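What follows is a single structure, written as structure tokens, with notes after it.
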Amino acid sequence: MHILLVNDDGITAVGIAALLKEAVSRGHRVTMAAPAQQQSAASHRLTLSEPVMMSPYETGLPGVEAYAIKGTPADCVRVALLGGLVTDPVDVVISGINNGLNAGMDAHYSGTLGAAMEGAMLGHRAVAASIGWNADEASLAALAALTLDWAERYCRIPVQPVCVLNINAPGGAGADWKPAVYAPMDTSCRRDRYERRESPFSGSYFWLAGDGDAQPVVEGSDNWYLEKGHVTVTMLGNFGSMAARSWNALGI
1 MHILLVNDDG ITAVGIAALL KEAVSRGHRV TMAAPAQQQS AASHRLTLSE
51 PVMMSPYETG LPGVEAYAIK GTPADCVRVA LLGGLVTDPV DVVISGINNG
101 LNAGMDAHYS GTLGAAMEGA MLGHRAVAAS IGWNADEASL AALAALTLDW
151 AERYCRIPVQ PVCVLNINAP GGAGADWKPA VYAPMDTSCR RDRYERRESP
201 FSGSYFWLAG DGDAQPVVEG SDNWYLEKGH VTVTMLGNFG SMAARSWNAL
251 GI
């Protein structure tokens, strides 16, 4: 299997290293194209007003082609697949492992999900993997193994186009997780607060305070199961595959 590996935490992050190690140990071919710098919360943003710079990157693992991209996670996927970095067919785009969950509505801000969705939009199977805060090496290795297990299965089954398999695991040490469950996205939202401050040089500026009001999580959703210690799997994208009754309810 030929894997395009990407993330939003940057090419030196421990999460992508865990995926790379697991993929190579299974004999998969890996091309890695990841941001040269941290790109969290980049969502699906593209670089339009300046060139996207690229530098070869040495992973220390045999047979791995790796590139540090000065751009967003979605840029990384596009440069790899459309810019000629990858010349052989890619079986799956895997994005992660992100440091921090990408579940519920927060997933829409995620560069990890943005990269995976870009891969799906370009016609590839795509998987995103994220883990909660304070994950140790054992937890990262365990999630890397689960992610590769599901990616391998995903490549053997027929799927709808433009779909992303979104995997989340609780943080902490030891990978002491409850069984994986398929769960829809949590639709609860958070209303953030910004602190306004004044600069003597350039006027007003704002800091995200991080103490906004959050709604209770929806029972049965990804965040609900994550709070109870489960690994969650959610299929994102391809709104054309919604149940017919959903469209009927809209009078369509």
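The letter at position 190 of the sequence shown is residue 190 when you use our numbering, and the numbering goes up by one with no holes.
Beta carbons are placed, not taken as given, at the ideal position from N, Cα and C, and that holds for glycine.
Computed from a predicted model, the values in this text were never measured in an experiment.
(1) Output yes or no for whether 8 Å exceeds the beta carbon distance between A132 and P73.
(2) So what does DSSP say about P158, is it helix, strand or coil?
(3) Would you call P56 buried or exposed, if buried means 16 or more other Cβ atoms sit within 10 Å of its Cβ?
(4) Let me know if R193 comes out buried or exposed under the rule of 16 or more other beta-carbons within 10 Å of its beta-carbon.
(5) What are the partner residues of R153, as DSSP defines its beta bridges?
(6) Would G220 be called buried (16 or more neighbouring beta carbons within 10 Å of its own) or exposed?
(7) Would you call the region 68-86 and the region 154-161 touching, i.e. three or more CB-CB distances under 8 Å?
(8) Out of Q39, V64, D9, A18, point me to the one whose CA is closest to T31's CA.
(9) Am I right that A103 and N223 are in contact with their C-beta atoms under 8 Å? What's the rounded C-beta distance?
(10) Excluding five sequence neighbours on each side, which residues of the same chain lie with their C-beta closer than 8 Å to the C-beta of H124?
(11) Classify I252 as buried or exposed, calling it buried when 16 or more other Cβ atoms lie within 10 Å of its own Cβ.
(12) Can you tell me which of the three DSSP states N102 falls into?
(13) On the CB-based measure, 16 or more other CB atoms within 10 Å of its CB, does S130 come out buried or exposed?
(14) Between the region 166-176 and the region 193-204, can you find at least three pairs of beta-carbon atoms closer than 8 Å?
(15) Do you know whose CA, among Y205, L226, S204, R191, lies nearest D211's CA?
In short, the structure shows the following:
(1) As a working mapping, residue 132 is identified with position 132 in the sequence shown. As a working mapping, residue 73 is identified with position 73 in the sequence shown. One detail in the question is off: residue 132 reads as Gly in this sequence, not Ala. In this structure, P73 does not lie closer than 8 Å to G132 by Cβ.
(2) Taking the sequence shown and counting its residues from 1, the one referred to as residue 158 is at position 158. Coil at P158, not helix or strand.
(3) Here residue 56 corresponds to residue number 56 of the sequence shown, with the count starting at 1. Exposed, because fewer than 16 other Cβ atoms sit within 10 Å of the Cβ of P56.
(4) On the sequence shown, residue 193 is found 193 positions in, with the first residue counted as 1. With fewer than 16 other Cβ atoms within 10 Å, it is exposed.
(5) As a position in the sequence shown, residue 153 is number 153, starting the count at 1. DSSP lists no partner for R153.
(6) Position 220 of the sequence shown, counted from the start, is the residue given in the question as residue 220. When all chains shown are included, G220 counts as exposed.
(7) no
(8) Residue 31 sits at position 31 when you count from the first residue of the sequence shown. Answer by Cα proximity: V64.
(9) Against the sequence shown, residue 103 aligns to sequence position 103. Against the sequence shown, residue 223 aligns to sequence position 223. At roughly 5 Å, the Cβ-Cβ gap stays under 8 Å, so A103 and N223 are in contact.
(10) The residue labelled residue 124 in the question sits at position 124 within the sequence shown. Cβ neighbours of H124 beyond the five flanking positions: L4, L81, V90, D91, V92, V93.
(11) The count along the sequence shown starts at 1 and reaches residue 252 at position 252. For I252, the pLDDT reaches just 43, beneath the cut-off of 50, and the residue's location in the model is therefore unreliable, leaving the point undetermined.
(12) Numbered from 1 along the sequence shown, position 102 holds the residue referred to as residue 102. N102: coil per DSSP, three-state reduction.
(13) Counting from one through the sequence shown, the residue named residue 130 turns up at place 130. Buried, since its Cβ has 16 or more Cβ neighbours within 10 Å.
(14) no
(15) One-based indexing of the sequence shown puts residue 211 at position 211. Ranking the options by Cα distance to D211, first place goes to R191.
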